Amino acid sequence: MLDLAGLTPQAAGQAASAVVESKRSALLWDVLSGAYEALGLDEAVGGDEGFKQMVLARLIEPTSKEQVPRVVSELGVGSVSRASLFRSLARCITGDYRSRIQAACLRHVTGRGDLSLCLYDVTTLYFEVEKEDDLRKVGYSKERRVDPQVIVGLLVDRAGFPLQIGCWEGNKAETSTLIPMIEEFRKASGTEHLIVVADAGMLSAANLEALDQAGLGFIVGSRMTKAPADLDAHFAWHGDAFTDGQVIDTITPRRGSTSRERDQNVRDEPVWSAQAYPGSWRAVWAYSARRFARDNKTLTAQENRARAVVAGHRRPKATRFVTTRKGDQVLDDKALARARRLAGLKGYVTNIPATVMPAGEVIASS
Numbered sequence: 001m002l003d004l005a006g007l008t009p010q011a012a013g014q015a016a017s018a019v020v021e022s023k024r025s026a027l028l029w030d031v032l033s034g035a036y037e038a039l040g041l042d043e044a045v046g047g048d049e050g051f052k053q054m055v056l057a058r059l060i061e062p063t064s065k066e067q068v069p070r071v072v073s074e075l076g077v078g079s080v081s082r083a084s085l086f087r088s089l090a091r092c093i094t095g096d097y098r099s100r101i102q103a104a105c106l107r108h109v110t111g112r113g114d115l116s117l118c119l120y121d122v123t124t125l126y127f128e129v130e131k132e133d134d135l136r137k138v139g140y141s142k143e144r145r146v147d148p149q150v151i152v153g154l155l156v157d158r159a160g161f162p163l164q165i166g167c168w169e170g171n172k173a174e175t176s177t178l179i180p181m182i183e184e185f186r187k188a189s190g191t192e193h194l195i196v197v198a199d200a201g202m203l204s205a206a207n208l209e210a211l212d213q214a215g216l217g218f219i220v221g222s223r224m225t226k227a228p229a230d231l232d233a234h235f236a237w238h239g240d241a242f243t244d245g246q247v248i249d250t251i252t253p254r255r256g257s258t259s260r261e262r263d264q265n266v267r268d269e270p271v272w273s274a275q276a277y278p279g280s281w282r283a284v285w286a287y288s289a290r291r292f293a294r295d296n297k298t299l300t301a302q303e304n305r306a307r308a309v310v311a312g313h314r315r316p317k318a319t320r321f322v323t324t325r326k327g328d329q330v331l332d333d334k335a336l337a338r339a340r341r342l343a344g345l346k347g348y349v350t351n352i353p354a355t356v357m358p359a360g361e362v363i364a365s366s
């Protein structure tokens, strides 16, 4: 508590007239600057102060480059001019900052972390411009945007530390970015034995074959459409009731949806190896009661939307579980029942044998 008993009205008035001439958020700026320098980024870009201020200002307040001087000045730090910032952007290209920063990140993590397992994902960044150019192209957008965009891919280690970043034309298929990124990282790092983890969006037969032929391990999220065929024998022998934490370690066809190597008359699941099942990959399916509750909640909401569309209460857009029969929109009961049967399951496809990585480690690595 503050002792204000001796503060006279005159003293209070004097305090109120005090003027703050400057302020400085020393701790915040010093911590960020220290981390920036410890990662070797300042050295990588040759001490480019404009670039440093753009990076740190974006961490403090995600805003435009025009606003960087304001953000930096509000911290009590002397900011470079806007003209200097835009000259720094030009140096990013001429000085190949991307490669130099990637090299700095690799130097930082080498010897400090395990590079045997890396995670890869992509996203799109759109631009509010009218015309395309050599890089910014109109392409597939999950948000159904028609603005020119670029595809950005990021490779990180198992702790989430960035190792490699790539940028491609906006109309390039996301699946085609994986192999070039991995090969570039292998060349830069000298890492031969590498396991790549990616989501189901990277699950193309060509990608998996290319990774396998390059001597790389992979763990990729499986699509739910693969579950009925992968688990067909399990359902036949054990039914479709699962216990929390249950894992089914089986095989999945490399191409197509139905495995010719899974004997439906055998109760036990096959133990995958490349020699025993050359036409299949290893598939690990895991059941979670928490995921089951979440999936069912989502499915109920989707069912309600579908029923509203069928009843004419909602606009008929691309709604799940709505199908057309004889010109009328009706509820797709079979698809809904199939989805509910698979609620709580999540699958993984890998080329790593169980003798090298048990199912629990496959799940934990994803």
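Each residue of the sequence shown is one higher than the one before, starting from 1 at the first, in full-length UniProt numbering. Don't be surprised by glycine CBs; every beta carbon is placed ideally from N, CA and C. Note that the coordinates shown come from a computational prediction; the quantities given were computed from them, not determined experimentally.
Contacting residues, own chain, Cβ-Cβ under 6 Å from residue i (five flanking each side not counted)
i, result
"N296", "A343"
"K346", "A286"
"L56", "L32"
Own chain residues within Cβ distance below 7 Å of residue i, not counting five before or after
i, result
"D240", "R341"
"V330", "V310 and T323"
"H193", "S116"
"A359", "V247, D249 and V284"
Beta-carbon gap between residue i and residue j smaller than 8 Å
i, j, result
"A103", "A44", "yes"
"D170", "V138", "For clarity, residue 170 is Gly in the given sequence; the question names Asp instead. For G170 and V138, yes; Cβs fall inside 8 Å."
"residue 384", "G221", "Residue numbering for the chain in the displayed model covers 1 to 366; residue 384 lies beyond these limits and cannot be assessed."
"L106", "L163", "yes"
"T177", "G153", "yes"
"E61", "V77", "no"
"V109", "D48", "no"
Among the options, the one whose alpha carbon lies nearest that of residue i
i, options, result
"R254", "H234, Y277, I248 and N265", "Y277"
"W281", "R294, I219 and V247", "I219"
"P270", "P353, V156 and S222", "P353"
"Q264", "E192, G201 and I251", "I251"
"I248", "I151, F235, S257 and V138", "F235"
"N318", "L32, R144 and R136", "In the sequence on display, residue 318 carries Ala and not Asn. Comparing Cα-Cα distances from A318 to each of L32, R144 and R136, the minimum goes to R144."
"R186", "V122, D199 and C118", "C118"
"E174", "A188, I195 and G201", "G201"
"R260", "G279, F242 and Q246", "G279"
"H238", "G256, A227, R262 and R267", "R267"
"E37", "A205, I93, K131 and I101", "I101"
"L336", "G166, E184, I165 and Q302", "Q302"
"S257", "P180, T298, L155 and S204", "S204"
Residue i classed as buried or exposed, judged by whether at least 16 other C-beta atoms fall within 10 angstroms
i, result
"D114", "exposed"
"P148", "buried"
"A159", "exposed"
"L2", "The predicted position of L2 is uncertain, since its pLDDT is 43 and thus under 50; a value taken from the coordinates is nonetheless stated next. Exposed: under 16 other Cβ atoms inside 10 Å."
"D244", "exposed"
"L59", "exposed"
"T350", "buried"
"S25", "exposed"
"A289", "exposed"
"I151", "buried"
"S99", "exposed"
"R112", "exposed"
"R136", "buried"
"R262", "buried"
Same chain, Cβ closer than 8 Å to residue i, five either side skipped, listed in chain order
i, result
"S81", "P69"
"L85", "G50, Q53, M54, K65, V68 and P69"
"R338", "P228"
"D332", "A306, F321, V322 and T323"
C-alpha distance - residue i paired with residue j, whole-angstrom precision
i, j, result
"A229", "D212", "23 Å"
"T324", "A306", "12 Å"
"V362", "G40", "33 Å"
"residue 373", "V322", "In the structure displayed, the chain extends from 1 to 366; residue 373 sits before or after that span and is not available."
"W168", "F161", "21 Å"
"G34", "D232", "56 Å"
"A283", "L216", "17 Å"
"T225", "S273", "23 Å"
"M357", "Q275", "17 Å"
"W29", "D42", "14 Å"
"N207", "A198", "11 Å"
"A12", "E74", "Per-residue confidence for A12 stands at a pLDDT of 47, beneath the threshold of 50, marking its modelled position as unreliable; no derived number is given."
"Y120", "K334", "35 Å"
"Y97", "A364", "34 Å"
"T63", "R87", "19 Å"
"Y140", "K172", "9 Å"
"I182", "E209", "14 Å"
CB contact check: residue i to chain C, cutoff 8 Å
i, result
"G190", "Going by chain labels, chain C is absent from the structure shown, which holds only one protein chain."
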